[in-house]
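Enquirer:
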Amino acid sequence: MSSLQSLDVVARSATTLPTPQIRTAAPHVAKLIDESKCIGCKACQVACMNWNDLRDDIGNNVGVYDNPSDLTPSSWTVMKFFEVEPTEGNLEWLIRKDGCMHCEDPGCLKACPSPGAIVKYANGIVDFVSENCIGCGYCVKGCPFDVPRISQKDNKAYKCTLCSDRVSVGLEPACVKTCPTGAISYGTKDDMVAYGNRRAEELKERGHQNAGLYNPEGVGGTHVMYVLKHADKPQLEDLPANPSVSPLVSLWKGTTKPLAVASMLGAMVLGFFHYMKVGPIEEKEKTEKEGA
Amino acid sequence: MTNSWTDIKNTDLVLIMGGNAAEAHPCGFKWVTEAMQQRKAKLIVVDPRFTRSAAVADYYAPIRVGTDIAFLAGVINYLLSKDRIHLDYVKLNTDATFLTKEGYAFEDGFFSGYNGERRSYDKSTWGYQTGKDGYVLTDDTLQNPLCVFQQMKKHYARYTPELVSRITGTPQDQFLKVCEMLAATSAPDKVMTICYALGWTQHTVGSQNIRTMAMIQLLLGNMGRPGGGVNALRGHANVQGITDMCAYSEVLSGYLSAPTDADDTRAKYLETRTGKPLRPNQMAFTQNFPKWHTSLMKAYYGNAATKDNQFAYDWLPKRDAAYDILAMFERMHQGKMNGFLCQGFNPLAAVPNKKKLSAGLAKLKFLVVMDPLETETSEFWKNYGPLNDVDPTKIATEVFRFPTSCFAEETGTFTNSSRVISWKEKAVDPPGLAKPDSEIIARLFVKLREMYAKDGGTLPEPIAALNWPYINASAPHPAELLREINGRALADVMSPPDPKNPAAPPTVLVKAGDQLPGFAMLRDDGSTSCGNWIYAGCWGPTGNLTARRDNSDPTGLGVFPNWGFAWPANRRILYNRASADANGKPWDPSRKYLAWNGSSWAGGADIPDIRPDAAPEQGVGAFIMNPEGVARLHAVGMAEGPFPEHYEPFETPVGVNLMCPTNAKAVSNPAARVYKGDLEAFGRKEEFPYAATTYRLTEHLHYWTKHSRSNAIVQPAPFVEIGVDLAKEKGIRQGDRVRVKSNRGEVVAACVVTKRMKALDVNGKKVHHVGIPIHWGFKGVTQNGYLANALTPFVGDANSQTPEFKAFLVNIEKA
Amino acid sequence: MDMDRRQFFRVSGAGLAASSLVALGFSPARAIAETRAFKLARTTETRSICPYCSVSCGLVMYTLGDKAKNVKASIVHVEGDPDHPVNRGTLCPKGAGVMDMIQSPGRVKVPQVREPGTSTWKNISWDEALTRVARHLKADRDANLVATNDKGVTVNRWNSTGFLLSSAASNESGYLSVKVARGLGMVALDTQARI
Amino acid sequence: MARMLQRYSDSERMNHWFIALTFVLAGLSGLAFFHPAFFFFVNLFGGGSWARILHPLLGLLMVAGFALLFAKLWRDNLINAADHEWRKKMGEMLRGNKAAMPPVGKYNFGQKVTFWAMAISLAVLLVTGVMFWRPWFAPLFPIGLLRVAVLLHSIAAVVLILSTIMHVYAAIWVKGTLRAMTRGTVTEGWAQVNHPLWHEQVSKGN
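Protein chains in written order, with the numbering used here: chain A, 1 to 292; chain B, 293 to 1107; chain C, 1108 to 1302; chain D, 1303 to 1508.
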């Protein structure tokens, strides 16, 4: 029972003609992660694995609080801990909930060669449709945030789905509901942008001069946004300063495709007309010269 | 908690000290972030480590483990010397004006009346001077040097900022910044709240840690007010509930002090516990003690408890000594204990000095463990290599393990930190043959009763007479039990004589058989029964109020009066009379909680914590449980002194108490009980130079969630935490395996090297901290590890015997 | 530099060739993307309280089936109770993972005894377990209950068996355990609250 | 019956057709990923995942085959001075004026360029292909490098395909060439018209 029909799919990977674009009034949803309220408790990790029935392996402690230490096919969101001193002398412990940013112009969808393996819904969620995934790993190259993970067990790509199943029946994502301090909030994109900017102003009042909303334009804005205490230095927390789909990927998936296909087919057509016009090079030409 | 979780959103300043609210109580901590966002409140964290609470705090200050009293005493000195106190509040609600006895003194680390051999105080020189009419003498001008206010000023003048910084290692500027932020809430319209937990209680000066903060809250005028109070963030869902049911040797259900050998007759027992006002018009609520105790005995023994058998007073066991958990294991260790029932508790992991516990358990004849999970305690006899190196053939204890249901498989109530009792329904059946705890205890008792009926034995009468009115004797239904706890009228409860017209015949307040609406209906003539007087009212005539789910909050102050039932009498903030000034006007109009409307206190946001018709001019104090009706800055009840004094932990990295450097006997708490054998087991700083503390992480709940796969994934393996500079000194890199040793045992784990634990400058020397999370053992789905309590010292707080898990000495090296 | 992908494809020649091949019936299956069916549809909701810390968050336990007789209900999901005034639907990492504790492989499922000196558990019935423990308790109480102390005061105390009570069980279980303990004359009682 | 000259040995021909076969298979599966319109080719390999699994293996086979032939023919394909002359007159050739072309050895300049284009693009295909070959090698390389690799892989593939189209058309365009690879022999007339220097060399030989 899925309540998202084809009209709700606004973009599909490896599909030359556009999908139905009629639902222009569908609200764009967004998740806002307010780092200033995040206590790194990993409730979102646990809620995510419980809702999606995932259980990663039980790893080991490698001397940090990050467990597991990176996104994996079975851990779609992971807390990353950064001990930084932006201003000399006062230590800050920045904690960031890592996971899919659900970009407006998703690099993964652009890079994916398999039709329908990656879709973007009208509400902005970018989702993997695992039956169509062929495990080629192109999405890993396409993503500016290094999010998709390919499973060794089934060679399928996995990432946060922004709980597309909950959202499709009107519920908020599992991590949003469980976040104890309300660091994660959810709503329409406009509301979340407005709330994020207001939070940034409030943080400025509390002394974080460079607080700001992280909603990178390079990928057309994202449906998962951060309020960062140091929005001027996102790299402090392994966040690209102004991410965009790599020009190499755009080149690879943008202009070369039609040009190359045109050149190949064009070459064949050219050869055909060349043959018709110039005609073949005969073998016997030698004998006639002898004869003459 | 004196206030409640949702009340925290009303505060202007949150101090998190002696606790780590963000990690240990994340969902409660939401109300701190709510206050920060909505009211622009500030959050200060003072902790040896830069915890995840500090990650979102406005201000963080480091402190050496075990020196909280020095820090807070320095704050008191700051408040008193700079006159940053809420004077009207102090004069109205505290004993500041009372005169102390002439004999009271404090000299070089000891209060007057110290007895070195018995390590205890003769308290005759403490307390207030009382006049011939039995009321205390006061000096409202606060100038008399004997008044509590001046005594306090003199006592705390010694805690200069410079000395406090030298003891605690907190840089002086940071200490003064915290003092100033706290002092700001002395303004009548400003309130602060303190969120603390085991970081304060688990010291040999634990109780005094909390008292010092309570004194600060009184001086700042924050007790009993929305957004104020002293809030203990307790560890377990129903630890407040089991505390109220008083599963302790010292008290009976409802905090009724239990009889000891000295209480040879019931009259003497009641007389010493019935409070009498020490000031005119005080409610001295403990004057109702006989009603509570008689009702409890009727609940226990029903018809068998009558006037002529002193309401079964003799059947109540009298206590002759201490039987707290440390005392019990000491007796076990001495071979004096034969049996041990261990219900939902994992002492081998949770009690200090694992080696001693293991030896004690091995001397038992039988051990019965009742737990939903396979605990370390139930398998103390099994060899798990270095994690539990024992020889089963040498352990003769017969060990039973009963499968019990867990919370999801048991209908009943929990009481949370905010004293709210909430009813929950069973979701699923217990797995296999597991049964609820109540059913197991009931079946055990019924079998014992049969055995005594058939074969007799020592003192069979109380067993035969124990009131067992349950429809299914071997499985009492929670509803029956909660109604019994609430109490009901055994005979018609008559109204007390009306002072205005004494001739009027008494009216029937509660018909026989009905549930009691509240503890005001309890009688000492045997006409009422009540299992726990503070819970009276939770299942009154209108039904089970604990099951109420109306989450409306009409005043917006986070009171939620119709959600569940808060004891006592559904009051959500204790001492809330103190939220209004002398003539009944709220201190802060924007947070109007209680006000005197000319004829009554009712109609405010909460049930008044005072007689509703007690007009302000009568001067009825807000602290109705105390005979003097006001809060105690000078508290006689404390074992180690009426005013909190800094004492070093028993294993101190400094070796001397800088408050009394010459008195070698007052380095550590002179009144703490130390068993022979444990004194020798204390490590010295020469061999164990680093100050260690044990604590929990947000991903785990003690030794319980290591059985849960989800939590194992997000925090898989044991580790210890050290600062970057200690790591450099020891050549330890991030992730190396390290061995941490104390004088009692060792732990091997991975090592987290972090900037969040800096070395502190204490008395001119560098003191490093070693942090040891406690969550791993040799059972569970996580990576197994050593029990952290192999390291901890076997000594407890002088008043509560809570062990000193938070400050001891270790050494660390690469494993 | 990156022309909008869609416009460019429209003009490219490839589309012509593709459509002709498509005409030959080679087109890939048009799978419509669909989200996962809603996991909690038709489950039974039970409101409960988290057993872990003393915030006592409200829980909603979703169990299989609609309480029909032939269904062995087991928990399929746990979430915060949005109506509970303290946690308002949120849960911490412990509460959010409480299902894994309830269904942990570490659950004890049958009464067991470890005979003295042995190194394994032996499964026994409830009746045998309760009888043997009751016999132990009676033997110890009969032998060690002190009726009067040396000053002749009636004390009726039995201190040779200790009882640690659970801070995780309900108030009702706690009350009954204290009532039975006091009824048997025990003085050596304690609970987690002290630690 | 006109005399036949031996152009290629049997093993060379088998090797050539092996390369051609693997080229078609690797090419089709590669094209399936290259452009959505060609994605249906994956059905020839049993679906998307199988195409992704087989494509690298087929690629390796092709490279191996090509390497064998390369070892035999690369000396004949070294570009020398004469070729530059031929290149200048290439416009004439395309207009079919064969006679205007300078005499050529075993391979003319066009054939040499095609040979080297194929060799280089196959080398690039091999290196870049292995770099992002999941799951064994891709994890070893940083994502930035892999993006370069996939781009180069695509470009090299297009170059290879274009060269092959050129190669096939030339074989059709110049009558009598095909039999060189299908039978191994060419007519003397063909040799004199197209590869006079090679013709003299071979005639002197036997």
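Here a beta-carbon is modelled for each residue, glycine too, at the ideal position from N, C-alpha and C.
Buried or exposed for HIS994 of chain B, please, with buried defined as at least 16 other CB atoms from any protein chain shown within 10 angstroms of its CB.
Expert: When all chains shown are included, HIS994 of chain B counts as buried.
Enquirer: Specify, as a first and last residue, the run of the alpha helix (DSSP H) that GLY848 of chain B falls within.
Expert: Counting along the chain, GLY848 of chain B falls outside any alpha helix (DSSP H), and DSSP gives it neither H nor E.
Enquirer: In this structure, how does DSSP classify GLN635 of chain B when only helix, strand and coil are distinguished?
Expert: In the structure shown, GLN635 of chain B sits in a strand (DSSP, three-state: E or B).
Enquirer: Can you find a CB in chain A that lies within less than 8 Å of the CB of THR1430 of chain D?
Expert: Not an interface residue.
Enquirer: What are the residues in the segment 271-285 of chain A lying within 8 Å of chain D by C-beta distance?
Expert: Listed by position along the chain: GLY271, HIS274, TYR275, VAL278, GLY279, PRO280, ILE281, GLU282, GLU283, LYS284 and GLU285.
Enquirer: Establish whether the CB of GLY116 of chain A and some CB of chain C are separated by less than 8 Å.
Expert: It does; some Cβ of chain C falls within 8 Å.
Enquirer: For VAL1429 of chain D, does the count of other Cβ atoms within 10 angstroms reach 16, so buried, or fall short, so exposed?
Expert: Exposed is the call here.
Enquirer: Counting only Cβ-Cβ distances shorter than 8 Å, please list the residues of the segment 983-1005 of chain B near chain A, keeping chain order.
Expert: Residues passing the 8 Å Cβ filter: THR990, GLU991, ARG1001, SER1002, ASN1003, ALA1004 and ILE1005.
Enquirer: May I ask you to report which of helix, strand or coil DSSP gives TYR578 of chain B?
Expert: Here residue 578 of chain B turns out to be Thr, not Tyr, going by the sequence shown. Helix.
Enquirer: Looking at C-beta atoms only, is the number of pairs between the segment 1446-1466 of chain D and the segment 1419-1429 of chain D that lie closer than 8 Å three or more?
Expert: With a cut-off of 8 Å, the segment 1419-1429 of chain D and the segment 1446-1466 of chain D count as touching, because enough Cβ pairs lie within range.
Enquirer: In this structure, what does DSSP give as the bridge partners for SER75 of chain A?
Expert: A:THR72.
Enquirer: Would ASP901 of chain B pass as a contact of ARG863 of chain B if the rule is Cβ separation under 8 Å?
Expert: In this structure, ARG863 of chain B lies closer than 8 Å to ASP901 of chain B by Cβ.
Enquirer: Should SER2 of chain A be flagged as near chain B, meaning a C-beta pair shorter than 8 Å?
Expert: Note that SER2 of chain A has pLDDT 47, beneath the 50 cutoff, so the model's placement of it is unreliable and the number below is only indicative. No, SER2 of chain A does not count as interfacial toward chain B.
Enquirer: Distance, Cα to Cα, GLN235 of chain A vs LEU94 of chain A?
Expert: Spanning the two alpha carbons is a distance of roughly 11 Å.
Enquirer: In the DSSP output, what is PHE1011 of chain B paired with across the bridge?
Expert: The partner list for PHE1011 of chain B (beta bridge, DSSP) reads B:ALA1042.
Enquirer: Scan the segment 109-138 of chain A for residues whose Cβ lies nearer than 9 Å to a Cβ of chain D and list them as they occur along the chain.
Expert: Taking 9 Å as the Cβ-Cβ cut-off against chain D, the residues of the segment 109-138 of chain A that qualify are ALA111, PRO113, SER114, PRO115, ALA117, ASN132, CYS133, ILE134, GLY135, CYS136, GLY137 and TYR138.
Enquirer: For GLY426 of chain B, which of B:SER1034, B:PHE581, B:ARG869 and B:PRO572 has the nearest alpha-carbon?
Expert: Comparing Cα positions, the closest option is B:PRO572.
Enquirer: Under 9 Å Cβ-Cβ, which residues of chain A neighbour TYR1409 of chain D?
Expert: Under the 9 Å cutoff, chain A gives no residues; its nearest Cβ is about 15 Å from TYR1409 of chain D.
Enquirer: Could you tell me the alpha carbon to alpha carbon distance between MET293 of chain B and ARG924 of chain B, rounded to whole angstroms?
Expert: Distance between the alpha carbons of MET293 of chain B and ARG924 of chain B is about 18 Å.
Enquirer: Using a Cβ-Cβ cutoff of 8 Å, what residues of the segment 74-86 of chain A are near chain C? List them in chain order.
Expert: Taking 8 Å as the Cβ-Cβ cut-off against chain C, none of the residues of the segment 74-86 of chain A qualify.
Enquirer: Could you pull the DSSP bridge partners for LYS200 of chain A from this structure?
Expert: First, the residue type needs correcting, since residue 200 of chain A is Ala and not Lys in the sequence shown. Paired residue(s): none; ALA200 of chain A is not in a bridge.
Enquirer: Is the beta carbon of THR954 of chain B closer than 8 Å to that of ALA1009 of chain B?
Expert: No; because the gap between Cβ atoms is not below 8 Å, this pair is not in contact.
Enquirer: Select from B:ALA479, B:THR389 and B:MET444 the residue whose C-alpha is nearest the C-alpha of THR433 of chain B.
Expert: Cα-wise, what sits closest to THR433 of chain B is B:THR389.
Enquirer: Step through the CB atoms of chain C and report whether any lies within less than 8 Å of the CB of PRO609 of chain B.
Expert: By this cut-off, PRO609 of chain B is an interface position.
Enquirer: Do you know offhand how far THR667 of chain B's Cα is from LYS1071 of chain B's?
Expert: If I take the Cα positions, the gap works out to 7 Å.
Enquirer: Which residue's Cα is closest to the Cα of GLY40 of chain A: B:TRP760, B:ASN1035 and B:ALA346?
Expert: The option with the nearest alpha carbon to GLY40 of chain A is B:ALA346.
Enquirer: Which of the residues in the segment 1208-1237 of chain C, read from start to end, lie with their CB under 8 Å from any CB of chain A?
Expert: Going along the segment 1208-1237 of chain C in chain order, one finds no residue with a Cβ nearer than 8 Å to chain A.
Enquirer: Can you give, in chain order, each stretch of the alpha helix (DSSP H) that sits fully within the segment 1195-1221 of chain C and has at least 4 residues?
Expert: Whole alpha helix (DSSP H) segments, 4+ residues: 1200-1203 and 1205-1209.
Enquirer: Identify every run of the alpha helix (DSSP H) within the segment 213-277 of chain A, keeping only runs that are complete inside it and at least 4 residues long; order them along the chain.
Expert: Counting only runs of 4 or more, we get 247-253.
Enquirer: Give me the chain A residues within the contact set of ARG1143 of chain C, using Cβ-Cβ distance strictly less than 7 Å, ordered along the chain.
Expert: Those within 7 Å of ARG1143 of chain C in chain A are ASP165.
Enquirer: Starting from the C-beta of MET1395 of chain D, find all residues in its chain whose C-beta is less than 7 Å away, skip the five residues before and the five after it, and write them out in chain order.
Expert: Same-chain partners within the cutoff: MET1403.
Enquirer: Would ILE355 of chain B pass as a contact of VAL338 of chain B if the rule is Cβ separation under 8 Å?
Expert: Result yes, Cβ atoms of ILE355 of chain B and VAL338 of chain B sit closer than 8 Å.
Enquirer: DSSP state of ILE1108 of chain B, grouped into three classes?
Expert: There is no way to answer for residue 1108 of chain B, as the model of chain B reaches only from 293 to 1107.
Enquirer: Checking 8 Å against the spacing of the C-beta atoms, do THR496 of chain B and VAL1087 of chain B come in under that value?
Expert: Yes, the pair counts as a contact, with Cβ atoms nearer than the cut-off.
Enquirer: What are the boundary residues of the alpha helix (DSSP H) that LYS469 of chain B is part of?
Expert: Element bounds for LYS469 of chain B: 464-475.
Enquirer: Assuming contact is defined by CB atoms lying nearer than 8 Å, are ALA231 of chain A and ASN197 of chain A in contact in what I supplied?
Expert: The answer is no: Cβ separation not under 8 Å.
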